[in-house]
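Counting in our numbering, the final residue of the sequence shown is number 632, and the numbers go up one at a time with none missing.
The beta carbon of each residue, even a glycine, is placed where N, CA and C say it ideally should be.
Because the structure is a prediction, the values reported are computed rather than measured.
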Amino acid sequence: MNVLPLFIVIPLGAAFLIPFLVKMWRRIPDLTGTLATLSLTVLAFCLTDKINTARVYYVGGWEPVKGIPIGISMVADGLSVLMLIIINFIALMVSIYSIEYMKQYTDKAKYYILFLLMIAGLNGVVLSGDLFNMFVFLEISAIASYSLVAFGIGAEELEASFKYQVLGGTASAFILFAIAIVYRITGTLNMADVSKVISTTGLNSAVLFSALLFFAGFSLKAALVPFHAWLPDAHPSAPAPISAMLSGVVIKVLGVYALIRVFFNVYGIGTFNSILSMMLIFGLISMVFGGILAVGQKDLKRMFAYSSISQIGYIIFALGLGTKLGYFAAVFHLINHAAFKSLLFLDSGAIVYRTGTRDLEKMGGLAQVMPVTSWTSLVGSLSISGIPPFAGFWSKLLIIIAAVQAKHFIWAFVAILVSIITLVYFMKFYKMAFLGKLNESFAKIKEVPVFMSLPLIILALLGIIMGILLLPALKELIIQPAADVIYSGVNYVQTVLGG
Numbered sequence: 134m135n136v137l138p139l140f141i142v143i144p145l146g147a148a149f150l151i152p153f154l155v156k157m158w159r160r161i162p163d164l165t166g167t168l169a170t171l172s173l174t175v176l177a178f179c180l181t182d183k184i185n186t187a188r189v190y191y192v193g194g195w196e197p198v199k200g201i202p203i204g205i206s207m208v209a210d211g212l213s214v215l216m217l218i219i220i221n222f223i224a225l226m227v228s229i230y231s232i233e234y235m236k237q238y239t240d241k242a243k244y245y246i247l248f249l250l251m252i253a254g255l256n257g258v259v260l261s262g263d264l265f266n267m268f269v270f271l272e273i274s275a276i277a278s279y280s281l282v283a284f285g286i287g288a289e290e291l292e293a294s295f296k297y298q299v300l301g302g303t304a305s306a307f308i309l310f311a312i313a314i315v316y317r318i319t320g321t322l323n324m325a326d327v328s329k330v331i332s333t334t335g336l337n338s339a340v341l342f343s344a345l346l347f348f349a350g351f352s353l354k355a356a357l358v359p360f361h362a363w364l365p366d367a368h369p370s371a372p373a374p375i376s377a378m379l380s381g382v383v384i385k386v387l388g389v390y391a392l393i394r395v396f397f398n399v400y401g402i403g404t405f406n407s408i409l410s411m412m413l414i415f416g417l418i419s420m421v422f423g424g425i426l427a428v429g430q431k432d433l434k435r436m437f438a439y440s441s442i443s444q445i446g447y448i449i450f451a452l453g454l455g456t457k458l459g460y461f462a463a464v465f466h467l468i469n470h471a472a473f474k475s476l477l478f479l480d481s482g483a484i485v486y487r488t489g490t491r492d493l494e495k496m497g498g499l500a501q502v503m504p505v506t507s508w509t510s511l512v513g514s515l516s517i518s519g520i521p522p523f524a525g526f527w528s529k530l531l532i533i534i535a536a537v538q539a540k541h542f543i544w545a546f547v548a549i550l551v552s553i554i555t556l557v558y559f560m561k562f563y564k565m566a567f568l569g570k571l572n573e574s575f576a577k578i579k580e581v582p583v584f585m586s587l588p589l590i591i592l593a594l595l596g597i598i599m600g601i602l603l604l605p606a607l608k609e610l611i612i613q614p615a616a617d618v619i620y621s622g623v624n625y626v627q628t629v630l631g632g
């Protein structure tokens, strides 16, 4: 239990040390960022030893008295541990990649400070046991994200960051207003205690209104259609490592994870069957519109951004099915999308790093001069498109089977159709970028440096291994415990408060 605060203390401490240590040696930010994320990744994997046993850390030793919380709690159950692994492992890959990539920007120290603050906020969100602290950490990570999107300080970056900040601030206002209503109704902010009070007092109009506010706020954070307007601008404008974090981690933690925790473990999804229907509808709309909008894109990173909207739609759709298999499939696809969309955004960064353009029409033949980027892009594209035997195939197959079991036959067909559309635009990307005749202006370029290539290779190999060799182990070690937390719903109360 005592390791839980380290997930916040380590990145915060590293972020505050960098301004002092960088004066001693200019490579300190790279070293500090990599060591911090490496230690966090190791700690996260260490928590899997008893993943089925929830850990609760009471800050300051203030434990509940007769089942009534009197202090702040940090909770690590199967879902929290899964998210910690995703956050910190992707952050490690991004940190290594940034060693070379961020040399083209002027102040790497500030980049790592903001990056580590974002990691601290994300870890805090998934460990928070009360609503207000979850909001505080959500804001820490969001504010750092706004700054990182604008890190290039060009007109495009500043405009995208401003739009992201306005819509992100709107989402935060919805969430804070919902928290205020919940506190007024229940007299507590502890999530387990809120769940206990609501289950005792029952529903009323104020509870329903707070649920709608939460749904709107988290949907904005997750970039579900029609709340997605900020994402297609923010992701292409941000530096490639931050695009990987935004798509692979941030929208999942601030949007999907927070939505799951509040609606499944606090309110209890059985209390709001209409919310499941909303998840199905919004998930389906996001799945379809994100895929269709991605097809017509010529900007490489904008195409990947619309793809993220589509894939988040798959996850929310699977949750909305309300079945045990649906929850399992949603968790599995969340893992896959985190790995492969991070990989693809890092690949896009490698392409832009060498060619200086995001326009697919100006590319072609890059496989001849960038073999590692070409190979890893192909692996990422095939997996996210649901081609066997890659891991993305299995999670999409499970989502479709879950939809069929729930007797949503038409929607299962739509999920298959969107997967075909996904394959179309990713093959378009691969053909335009890597196949055909090499543009003469790119004849002298070469593969990206080793610190940029290494994360690409690791993430690509991970996808192959997850799909072929590690699926049974993943099921028992990580996926099933996280899915069980969702399925168990308001049993979260017993996890935190006992009794």
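Give me the DSSP bridge partner(s) of residue i.
i	result
V208	V189
A323	Before going on, a small fix: residue 323 reads as Asn here, not Ala. N323 is bridged to D263.
L492	Note on residue identity: the sequence assigns Asp, not Leu, to residue 492. DSSP, once it has assigned bridges, lists D432 as partnering D492.
Taking only the alpha-carbon atoms, compute the straight-line gap between residue i and residue j and give it to the nearest angstrom.
i	j	result
A201	V340	Just to set this straight, residue 201 is Ile in the shown sequence, not Ala. Approximately 21 Å between the Cα atoms of the pair.
P162	I220	19 Å
W508	S516	13 Å
W363	L589	27 Å
V395	Y190	20 Å
A463	S510	24 Å
T456	S621	11 Å
Y245	F360	29 Å
A304	S441	19 Å
L180	T165	23 Å
L530	K243	43 Å
G525	M560	16 Å
M157	P582	26 Å
I312	G262	14 Å
W527	V389	20 Å
P522	L556	15 Å
S352	G301	11 Å
D182	V618	17 Å
I229	M599	22 Å
G287	D366	13 Å
G350	F153	37 Å
Y558	V626	45 Å
Here's the rule I'm using: 16 or more other beta-carbon atoms within 10 Å means buried, otherwise exposed. How should residue i be labelled?
i	result
R159	exposed
Q613	buried
S370	buried
K329	buried
G335	exposed
T170	buried
R188	buried
V142	exposed
S280	buried
G254	buried
K579	exposed
N266	buried
K570	exposed
V594	Here residue 594 turns out to be Leu, not Val, going by the sequence shown. When all chains shown are included, L594 counts as exposed.
A472	buried
S332	exposed
Check the C-beta distance from residue i over to residue j and give it rounded, since I have them as a contact under 8 Å.
i	j	result
I414	I408	Going by Cβ atoms, the distance from I414 to I408 rounds to 11 Å, so no, they are not a contact pair.
A209	L260	6 Å
I393	L212	7 Å
M420	F348	Incorrect: roughly 18 Å between the Cβ atoms, too far for contact.
I184	V214	5 Å
N636	M324	The structure shown does not extend to residue 636, since the chain spans only 134 to 632, so no value can be given for it.
Y439	S514	Not quite, the Cβ-Cβ distance comes to about 14 Å (not below 8 Å), so this is no contact.
A356	I445	6 Å
V551	S206	At roughly 40 Å, the Cβ-Cβ gap does not stay under 8 Å, so V551 and S206 are not in contact.
I533	I549	6 Å
A373	G482	2 Å
A633	G416	A question about residue 633 goes unanswered here, because the residues of the chain that appear run from 134 up to 632.
Are there any heavy atoms of the ligand HEM lying less than 8 Å away from the beta-carbon of residue i, as far as the coordinates show?
i	result
F284	This structure lacks the ligand HEM, and indeed carries no ligand of any kind.
Every unbroken beta strand (DSSP E) within the segment 140-205, with a cutoff of 3 residues, ordered by chain: 188-191
Mind pulling the alpha helix (DSSP H) runs of 4 or more residues that sit fully within the segment 362-423? 364-370 and 373-378
Which runs of the alpha helix (DSSP H) at least 4 residues long sit entirely within the segment 554-624? Give them in chain order. 583-601, 604-607 and 613-621
Could I get the ranges of all uninterrupted alpha helix (DSSP H) runs contained in the segment 250-317, with 4 residues as the minimum, in chain order? 264-282
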